[in-house]
Each structure stands twice: as structure tokens, then as C-alpha cells.
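S.K.:
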Amino acid sequence: MPELPEVEVVRRGADTWFANRRIRSVQVLHSRATRRHLHGPHDFSARLINARIVGTERRGKYFWFRLDTGEALVTHLGMSGQLRVASPASPGTNHLRVRIGFDDDRDDLMFIDQRTFGGMFVDDFVEVPYPSAKRDPGRASRNAGFEVPAALSHIAADPFDPLFDQSATVRRIRAKQSPIKAVILDQSVVSGIGNIYADESLWRTQLDWQRSAATVSRSKVIELIDNAREVMSEALAAGGTSFDSLYVNVNGSSGYFSRSLAVYGREGQPCERCGGPISREHFANRSSFRCPRCQRRAPATV
DNA sequence: ATGATAGCCTGCCTGC
DNA sequence: TGCAGGCAGGCTATCA
759 MPELPEVEVV RRGADTWFAN RRIRSVQVLH SRATRRHLHG PHDFSARLIN ARIVGTERRG
819 KYFWFRLDTG EALVTHLGMS GQLRVASPAS PGTNHLRVRI GFDDDRDDLM FIDQRTFGGM
879 FVDDFVEVPY PSAKRDPGRA SRNAGFEVPA ALSHIAADPF DPLFDQSATV RRIRAKQSPI
939 KAVILDQSVV SGIGNIYADE SLWRTQLDWQ RSAATVSRSK VIELIDNARE VMSEALAAGG
999 TSFDSLYVNV NGSSGYFSRS LAVYGREGQP CERCGGPISR EHFANRSSFR CPRCQRRAPA
1059 TV
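So that you can map any letter, position 157 of the first sequence is 915 in our numbering, and since no number is skipped, the others follow by simple counting.
What follows is the structure in C-alpha cells.
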């Protein structure tokens, strides 16, 4: 559910509240929440207890706590996951899946997830290489690589990542025949973009989501990536997009970017660029919103 | 290899 | 009022 800006809001909150603290206790209240931890909930807890959180990092919609054990506590919010701070004395809440306590007796970390598409797992780091275009011969140490949890090695850099290689990403996008929207939602091509920001970026670029990626010009793809970066930074500045209480930051408050959306969820309402009605179409068992006037569909070739 | 689809879950909203 | 059906911001596995 949450896309890059929402995950980044949560990561920042998590960093503020949990960095430099040592884990004392771990409760797994629903085993599905740790299903991606291959050795089970007991091993999950054992690897965390006594570990100190060094800091937090993010790639796309995943973020993780770097531990002083050399491992990562990886978190994905899925569609409905939340990270909340809670007093150690407070009772659990509905949909509480994992609760972590610290040796300073200050606030607990609660992972809450109604639909259990999200989860947490502990993982080793692997090094991902710097893209060749970003190599800096004068600073060999910087070129050594960047570490990500092993299970995330297939996740591409997101448009804010220092490792993001824009020209390589443009080439990869244009090599695909699929609808342009499916390609920018593919986290192994470019990460962080979900259904909302895909539609918003396509609207800003005046592209029909159905267009085969291979038919979009190189400059238009560059514009699309720039627009995705732009809309996501605006959303981040607004504290994220939220339609309901399912997405909140660690304090439980929600962002207000939903009022700035141009197409997403605005079926029938006027396009702010041309005044025509926004349409809603089915795409991969979900919805796609576009302005049929500004985002023209090429006539079907028969 | 790439691309499309089904499945995982729960809660809420709509329409009958 | 009750209930079935549709829908939700994502990812992964599996099939063609």
C-alpha cells in the first residue's frame, strides 16, 4: 500500500525513535508477519535480542534497521502495515503482529498490519555494485559498492538513490513491450513507484498508461522519471498520501498529499489541466486513472 | 527470457 | 438490516 514517500516518512520516524537503542524483547504475535524469515519466528527473535539498532536505510518501498550484529531487520509495509511507537506499559492493539522492546525501557516498536501482506525478517547484507556511470576514480572507497539485504538484491535503485543510474534505467524501460505503467511499477526496473504515483507521473508526462514502453521516446521516458521523482518529493514534503487511517507515520498521524493528487481516485472530476473528466480503467485487477484528453490513446492498429 | 495471472489477507463500502 | 460482491496503495510464485 504505501509507496516510496510514505515508506520514507515511516523510515525517518523510525530512525528518530529507534536508532542507537538495544533490543531486549521480541514478540511475534502472528507468524505470517515473519513468513519471509526462513528460519521461523524463534530464530527471528533470537537474532534480534541484544542487537543494537545502528540506523535505518531504505530502497524503494523496503526499509531496514541496520544492526550492530552485521544483519538487517528488513520491513515491508505491504498494503496495510504500520510502524508505531508505544509505551511499554500500553496494551497491544488490534492487528498487532510484532512488538519489540528495548533495554532502556523507553517506547516499544509495534508492527501493525491488518492484511498481513507486509512483514519483517532478519537478513544478511550483500554488496551491490556502483553503476559504472557513477564511478569516481579519485575515491576508490566510494566505488566499493553499497550494501543491501540479500533478499532485496533484485530490487532496483529508486529515483532518489545515489546509485540510481538514469540512463541505464531509461534503456531498460524502453527495452520492454509491456504497457509503460506496468514497467514503471516493476520494482526490478525502478523501485518505489506504486499505483498512485505511477498514475500521477503519467498524467504529468501526458502519457497513456497503456502505451507500450518500447514506443515511448527516450526524452519522454526521461521526463516520466523526472516527474515520478518530482511528484514523490512533493508527496514526501506533505507527509505522504493517505486516504484513511491505514497509512500513518510512527506517531499515528497521516499525510495530506491526497488533496494534491491530479488523477488518482478522481474519476469523473475535471482534469486540472484541460477541464475534461478523469476516467477510470481496469488494469491488472486494479484501477488506472487518466485524463483521456491530455493522455491520448493511440488509435488501435487493426 | 519475458509477460500475464492468481494468490495471499482483512475490512469497508455499495447495492440488492 | 443483512449479506454478497467488489475493492484497496504490493509482492511473489507460477504458468504460458
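Every residue, glycine too, gets a C-beta built ideally from N, C-alpha and C. The structure displayed is predicted, hence computed values, not measured ones.
Taking 6 Å as the limit between beta carbons, can you name the residues of its chain near S1045, skipping five residues before and five after?
M.R.: Counting only Cβ-Cβ distances below 6 Å, and skipping sequence neighbours, we find R1038.
S.K.: So, D966 versus Q1053, is the Cβ gap smaller than 9 Å?
M.R.: Result yes, Cβ atoms of D966 and Q1053 sit closer than 9 Å.
S.K.: On a Cα-Cα basis, can you pick out the residue from A830, P1057, E988, G1013 that is closest to D881?
M.R.: The candidate whose alpha carbon is nearest that of D881 is A830.
S.K.: Compute the Euclidean distance between the alpha carbons of V784 and H912, then round it to the nearest angstrom.
M.R.: Rounded to the nearest angstrom, the two C-alpha atoms are 28 Å apart.
S.K.: By the three-class DSSP mapping on this structure, what secondary structure does T874 have?
M.R.: In this structure, T874 counts as coil in the three-state DSSP scheme.
S.K.: By how many angstroms is the C-alpha of D863 removed from the C-alpha of I942?
M.R.: Approximately 43 Å, taken between the alpha carbons.
S.K.: In the DSSP assignment, the alpha helix (DSSP H) including Y955 goes from what residue to what residue?
M.R.: Its alpha helix (DSSP H) spans residues 953-963.
S.K.: Residue ranges of each alpha helix (DSSP H) run of no fewer than 4 residues wholly in the segment 913-939, ordered along the chain?
M.R.: 924-932, all fully within the segment 913-939.
S.K.: For F875, I'd like the list of residues in its chain whose CB is within less than 6 Å of its CB, leaving aside the five on either flank, ordered along the chain.
M.R.: Result list for F875: G836, M837, in chain order.
S.K.: Going by Cα to Cα distance, which pick from S946, G798, A1056 is closest to T973?
M.R.: Per the Cα distances, A1056.
S.K.: Let me know the secondary structure DSSP gives D862 once reduced to three states.
M.R.: Looking at D862 - three-state DSSP - the assignment turns out to be coil, as it is neither helix nor strand.
S.K.: Can you tell me the Cα-Cα spacing of V789 and G1013, whole angstroms?
M.R.: Sequence inspection shows Ser at residue 789; the Val mentioned does not correspond to that position. Roughly 30 Å separates the two Cα atoms.
S.K.: Beta-carbon within less than 8 Å of V1006's beta-carbon, same chain only, minus the 5 sequence neighbours each way: which residues are those?
M.R.: So the list reads Q840, R842, S1000, S1012, once near-sequence residues are dropped.
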